[in-house]
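Beneath this line is the structure, given in structure tokens, with notes to follow.
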Amino acid sequence: MIPGGGRRFFGKGRMGVSGGAMRFSYTLVKLVELLRPKRVVGNTEVEITEVGSLADARSGCVSFLGNMKYRNEVQTTNASVVLLPPSYENEPKDGQCFLFFDNPSLAIGLLCRDIERKCALRPALGIHGTAVVDDTASIGSGVSVGPNVVICPGATISDGVVIMAGCYIGKDAKIGEGSILRPSVVVMDFCEIGKRVTLSPGVVIGADGFGYETVDGVHEKIPQLGNVIIGDDVEIGANATVDRARFSCTKIGRGTKIDNLVQIGHNVTIGDGCIIIAQTGISGSTTIGNHVVIGGQVGIAGHLHIPDGVMIAGKSSVASYKSGRVLRGNPSMPINEMNRIYVLMRQLPELFARVSSLEKGK
Amino acid sequence: MIPGGGRRFFGKGRMGVSGGAMRFSYTLVKLVELLRPKRVVGNTEVEITEVGSLADARSGCVSFLGNMKYRNEVQTTNASVVLLPPSYENEPKDGQCFLFFDNPSLAIGLLCRDIERKCALRPALGIHGTAVVDDTASIGSGVSVGPNVVICPGATISDGVVIMAGCYIGKDAKIGEGSILRPSVVVMDFCEIGKRVTLSPGVVIGADGFGYETVDGVHEKIPQLGNVIIGDDVEIGANATVDRARFSCTKIGRGTKIDNLVQIGHNVTIGDGCIIIAQTGISGSTTIGNHVVIGGQVGIAGHLHIPDGVMIAGKSSVASYKSGRVLRGNPSMPINEMNRIYVLMRQLPELFARVSSLEKGK
Amino acid sequence: MIPGGGRRFFGKGRMGVSGGAMRFSYTLVKLVELLRPKRVVGNTEVEITEVGSLADARSGCVSFLGNMKYRNEVQTTNASVVLLPPSYENEPKDGQCFLFFDNPSLAIGLLCRDIERKCALRPALGIHGTAVVDDTASIGSGVSVGPNVVICPGATISDGVVIMAGCYIGKDAKIGEGSILRPSVVVMDFCEIGKRVTLSPGVVIGADGFGYETVDGVHEKIPQLGNVIIGDDVEIGANATVDRARFSCTKIGRGTKIDNLVQIGHNVTIGDGCIIIAQTGISGSTTIGNHVVIGGQVGIAGHLHIPDGVMIAGKSSVASYKSGRVLRGNPSMPINEMNRIYVLMRQLPELFARVSSLEKGK
Numbered sequence: 001m002i003p004g005g006g007r008r009f010f011g012k013g014r015m016g017v018s019g020g021a022m023r024f025s026y027t028l029v030k031l032v033e034l035l036r037p038k039r040v041v042g043n044t045e046v047e048i049t050e051v052g053s054l055a056d057a058r059s060g061c062v063s064f065l066g067n068m069k070y071r072n073e074v075q076t077t078n079a080s081v082v083l084l085p086p087s088y089e090n091e092p093k094d095g096q097c098f099l100f101f102d103n104p105s106l107a108i109g110l111l112c113r114d115i116e117r118k119c120a121l122r123p124a125l126g127i128h129g130t131a132v133v134d135d136t137a138s139i140g141s142g143v144s145v146g147p148n149v150v151i152c153p154g155a156t157i158s159d160g161v162v163i164m165a166g167c168y169i170g171k172d173a174k175i176g177e178g179s180i181l182r183p184s185v186v187v188m189d190f191c192e193i194g195k196r197v198t199l200s201p202g203v204v205i206g207a208d209g210f211g212y213e214t215v216d217g218v219h220e221k222i223p224q225l226g227n228v229i230i231g232d233d234v235e236i237g238a239n240a241t242v243d244r245a246r247f248s249c250t251k252i253g254r255g256t257k258i259d260n261l262v263q264i265g266h267n268v269t270i271g272d273g274c275i276i277i278a279q280t281g282i283s284g285s286t287t288i289g290n291h292v293v294i295g296g297q298v299g300i301a302g303h304l305h306i307p308d309g310v311m312i313a314g315k316s317s318v319a320s321y322k323s324g325r326v327l328r329g330n331p332s333m334p335i336n337e338m339n340r341i342y343v344l345m346r347q348l349p350e351l352f353a354r355v356s357s358l359e360k361g362k
Numbered sequence: 001m002i003p004g005g006g007r008r009f010f011g012k013g014r015m016g017v018s019g020g021a022m023r024f025s026y027t028l029v030k031l032v033e034l035l036r037p038k039r040v041v042g043n044t045e046v047e048i049t050e051v052g053s054l055a056d057a058r059s060g061c062v063s064f065l066g067n068m069k070y071r072n073e074v075q076t077t078n079a080s081v082v083l084l085p086p087s088y089e090n091e092p093k094d095g096q097c098f099l100f101f102d103n104p105s106l107a108i109g110l111l112c113r114d115i116e117r118k119c120a121l122r123p124a125l126g127i128h129g130t131a132v133v134d135d136t137a138s139i140g141s142g143v144s145v146g147p148n149v150v151i152c153p154g155a156t157i158s159d160g161v162v163i164m165a166g167c168y169i170g171k172d173a174k175i176g177e178g179s180i181l182r183p184s185v186v187v188m189d190f191c192e193i194g195k196r197v198t199l200s201p202g203v204v205i206g207a208d209g210f211g212y213e214t215v216d217g218v219h220e221k222i223p224q225l226g227n228v229i230i231g232d233d234v235e236i237g238a239n240a241t242v243d244r245a246r247f248s249c250t251k252i253g254r255g256t257k258i259d260n261l262v263q264i265g266h267n268v269t270i271g272d273g274c275i276i277i278a279q280t281g282i283s284g285s286t287t288i289g290n291h292v293v294i295g296g297q298v299g300i301a302g303h304l305h306i307p308d309g310v311m312i313a314g315k316s317s318v319a320s321y322k323s324g325r326v327l328r329g330n331p332s333m334p335i336n337e338m339n340r341i342y343v344l345m346r347q348l349p350e351l352f353a354r355v356s357s358l359e360k361g362k
Numbered sequence: 001m002i003p004g005g006g007r008r009f010f011g012k013g014r015m016g017v018s019g020g021a022m023r024f025s026y027t028l029v030k031l032v033e034l035l036r037p038k039r040v041v042g043n044t045e046v047e048i049t050e051v052g053s054l055a056d057a058r059s060g061c062v063s064f065l066g067n068m069k070y071r072n073e074v075q076t077t078n079a080s081v082v083l084l085p086p087s088y089e090n091e092p093k094d095g096q097c098f099l100f101f102d103n104p105s106l107a108i109g110l111l112c113r114d115i116e117r118k119c120a121l122r123p124a125l126g127i128h129g130t131a132v133v134d135d136t137a138s139i140g141s142g143v144s145v146g147p148n149v150v151i152c153p154g155a156t157i158s159d160g161v162v163i164m165a166g167c168y169i170g171k172d173a174k175i176g177e178g179s180i181l182r183p184s185v186v187v188m189d190f191c192e193i194g195k196r197v198t199l200s201p202g203v204v205i206g207a208d209g210f211g212y213e214t215v216d217g218v219h220e221k222i223p224q225l226g227n228v229i230i231g232d233d234v235e236i237g238a239n240a241t242v243d244r245a246r247f248s249c250t251k252i253g254r255g256t257k258i259d260n261l262v263q264i265g266h267n268v269t270i271g272d273g274c275i276i277i278a279q280t281g282i283s284g285s286t287t288i289g290n291h292v293v294i295g296g297q298v299g300i301a302g303h304l305h306i307p308d309g310v311m312i313a314g315k316s317s318v319a320s321y322k323s324g325r326v327l328r329g330n331p332s333m334p335i336n337e338m339n340r341i342y343v344l345m346r347q348l349p350e351l352f353a354r355v356s357s358l359e360k361g362k
């Protein structure tokens, strides 16, 4: 959130080490087998049991140089193994091992995925005895349905789907291949979830849109007959909510990633590959283009169109959109203009004094 | 949210069509029987399978003219059936049918409710075998209690209540006639829900208010002995939270509608017929009058009183209330004043230049 | 939230009476036995069935004078029993009883805790028949595991823990002695909860941090291998979310209290004794010192450090931290400076007029 929001998902800062949580161990031989480095230099007898940033790493840790800006940290790191780009030139310390890759970030990612696969809970295949699955639901192969899950009539659960404990799948809802629903997710009637989608705990998909017709001061509910359609490879964060449409659908495009506690109103359309940081809210019937990046706690009014590739700084309030590739402020405007105004606001006391002085000089 | 928030619930904009979700079909004969139009003009052989806005409608769609502003869209719409006010004068296209009503919006509402009734999941009456209901709870007639619901000692579930899967009803809590709790709702001990209330998935009613007495830097919890009382015909959106009072009650008045992810603090009193848009927070002990409209992401400080009929634009921050019927800004003030200031803020660079120029001219 | 947020947890304002909710009754004899006042003056035959503020109390109510500022309310209160400091000098009304204490606030707190103990739901000891508990989980003594709870392999539930209905405890997660998890809490794999922690309904601990590496426009998920570690005596409000770390841990210090719908990003470290009001969001890798107080709806950017004892007014946006003990605004600055600027902003119309007038005078 805030302009700094952008750093959140590319951050190369202090990340600590994986000490307390997952337990694993790799000999260097296994590591080389898995990651296939271009070159190995130094001690090949090490064993690693942690992953950490260069600054935080200790003995037994594997670390990596993702950005040449931090090259100096390689010389002082206590990591036992460091993944490096070919252009790095210094030698490892005694007992240390260097592995060289065209893209050390990708290599560390590969390792992390391997660790995750080994350490994470492996949901049991099949349908848990406490799950309540309607006879008319269609359940694919290789599916895991956890304890206390409820699957309503007509729902379709595709191959390889994991539905963890306590989830609710509404009538005629569809969950695409390989998607994972973490505990306590609610997918209401008629909603459609794509392939390889991840829904974090507490997500609510397809609650009624907030629509009323006010007649003589009484707010009459407008039925919300539409649904929600979520594209492939979307991820949605914990306790976020996406409302069903009045008619038609609320739509989230392929590969879009949505953080915790975000609110998506009814009839909103979000394009492909967007990033939406925590606690942002998008009001009804607004359309968001492709590859739009929205910081945390942003509010976007209803019935707007935000074009492809626009970036919106955290805490901004977008009441209308005219132009600008990067927006900031309340009300939002192009970020350079807004930054200039923020600077001048801090100079207001001085400006008032200057005007007073001019008045006295008259 | 944002000033545009108001358009959110009266929006006449693009709403799409009800394509993917609910499946239904009405012959014109059935439609006329249900809606009883004043006049029928055009093709009476059509069958409709979708509802949509004039702009988005395609063949097989029923649409409506809710606002004469959009009358031109009637001439270009592809809807097979259009619901119109008596004052509309043009003729239907070939194959199209026009139905005339004093209030076409009400007519479409009636139709939508009929569709909803036909298509929506009908919760089974009775108590599901997996529900855990205490012997001392009182369960009315015509009640539906879904899978994995937990109902604690002394709770009262009135006639016609629907409690969907995974809900939790605390000790001595009361749910009024005809209310519906969607999946995963939590109603904590002693809380009272009125009649015909809808609680969306993940709503939490009656968590402890956030109250501490800080003694020597240690925050000692202040017991929260009160409850939450929710009036008739209230609706609360997904994952919203309403805290229990310290003593007495947190109160939400009859007919008030609250959107997703809203936070209502302890000892807050909200009047009747209010509208509160998504992600707004109201701090402890504040009282809100009747028919107050609050945009999205608004923050209201504690111990304030907001009078009847006040409207607050989205993203506003209300730290005190003195006067004004429509408020905006951070800190909030009457909207006209705030809008004027927003305009002048954009002119600050120019103002600084003008002052510099005056200074040079001295 | 908002600067007034501070009053929220020290508020001495109108709190109502405990009328509708919990039912209890104390004779004066019992009250004296429980609270051990220094002195008793007036009617010793009274019986109390409610707790309330001086202003709201009615007959049958016990109230208290927590702050001498409100001493006048003692003379007009209808409370049957009033807890008072030794310095209070007036006499009780007919039928009223005064009890004197060095610290009447502590005394009322003691009474409220006694009421709570008597009235609150007492979770049954043992493991409910519908709970699903893995054989490899370790369950302490005096534990209560409610209906439909799921406890995964390797989890540790310490002595005296209460896990209410529908909670999910992930693989190898640890819950410390005497902690209470209210209904529908999710604690994901490997997370560690301290002693005497309270997690409100719908809290999600340890969902994946929001981390992606964007390669050719595709957001590749960065595995989140760390966990969340929550210190002793922490309380977290309804539907709040705390994400697991990339490596290492997201950490919340001892005695910190977090309100509803707060979002804590991955790799955040929060110190001891902090207060964080509702709907605030803290971005990834930021560290917060000890005894920091953060108002409602605040946004804090990633990779910042907020020192010990800093206070941040509600709705502020902290994009960087340089100095200041109390911050406010968007972007935030020291509160005195910000308040000055808010005042001047309201005077902008006048300033523009003054400059125009100077220009005409040239």
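Chains as they are written, first to last, in this note's numbering: chain F, 1 to 362; chain C, 1 to 362; chain X, 1 to 362.
C-beta atoms are modelled at their ideal positions from N, C-alpha and C, and glycine is treated no differently.
Among the options, the one whose alpha carbon lies nearest that of residue i
i                      : options                    : result
residue 234 of chain X : X:33, X:203, X:221         : X:203
residue 363 of chain C : C:239, C:258, C:260, C:229 : The requested residue 363 of chain C is not part of the displayed model; chain C covers only 1 to 362.
residue 199 of chain C : C:259, C:220, C:150        : C:259
residue 48 of chain X  : X:136, X:334, X:78         : X:78
Min CB distance residue i to chain C below 7 Å
i                      : result
residue 113 of chain X : yes
residue 323 of chain X : no
residue 51 of chain X  : yes
Status (buried if at least 16 other CB within 10 Å, exposed otherwise) for residue i
i                      : result
residue 126 of chain C : exposed
residue 89 of chain F  : exposed
residue 76 of chain X  : exposed
residue 239 of chain X : buried
residue 325 of chain X : exposed
residue 266 of chain X : buried
residue 192 of chain C : buried
residue 142 of chain C : exposed
Close Cβ partners of residue i (< 6 Å) along its chain, the five nearest in sequence each way excluded
i                      : result
residue 363 of chain X : The structure shown does not extend to residue 363 of chain X, since chain X spans only 1 to 362, so no value can be given for it.
residue 307 of chain C : 289
7 Å Cβ cutoff, residue i in contact with chain X
i                      : result
residue 341 of chain C : yes
residue 26 of chain C  : no
residue 278 of chain F : yes
Element boundaries [beta strand (DSSP E), containing residue i]
i                      : result
residue 230 of chain X : 227-230
residue 274 of chain C : Looking at the DSSP string, residue 274 of chain C is not in any beta strand (DSSP E), and its letter there is neither H nor E.
Any C-beta of chain F under 7 Å from that of residue i
i                      : result
residue 344 of chain X : yes
residue 102 of chain X : no
residue 171 of chain X : yes
residue 8 of chain C   : Below a pLDDT of 50, predicted positions are generally treated as unreliable, and residue 8 of chain C, at 26, falls in that range; the measurement from the model is reported next regardless. It does: the Cβ of residue 8 of chain C has a partner Cβ on chain F nearer than 7 Å.
residue 233 of chain X : no
residue 330 of chain X : yes
The ligand ZN heavy atom lying under 6 Å from the CB of residue i
i                      : result
residue 235 of chain F : As far as ligands go, the structure on display features none, and thus does not contain the ligand ZN.
Cβ-based neighbour list, residue i, same chain, cut-off 7 Å, excluding 5 preceding and 5 following
i                      : result
residue 319 of chain F : 301, 331
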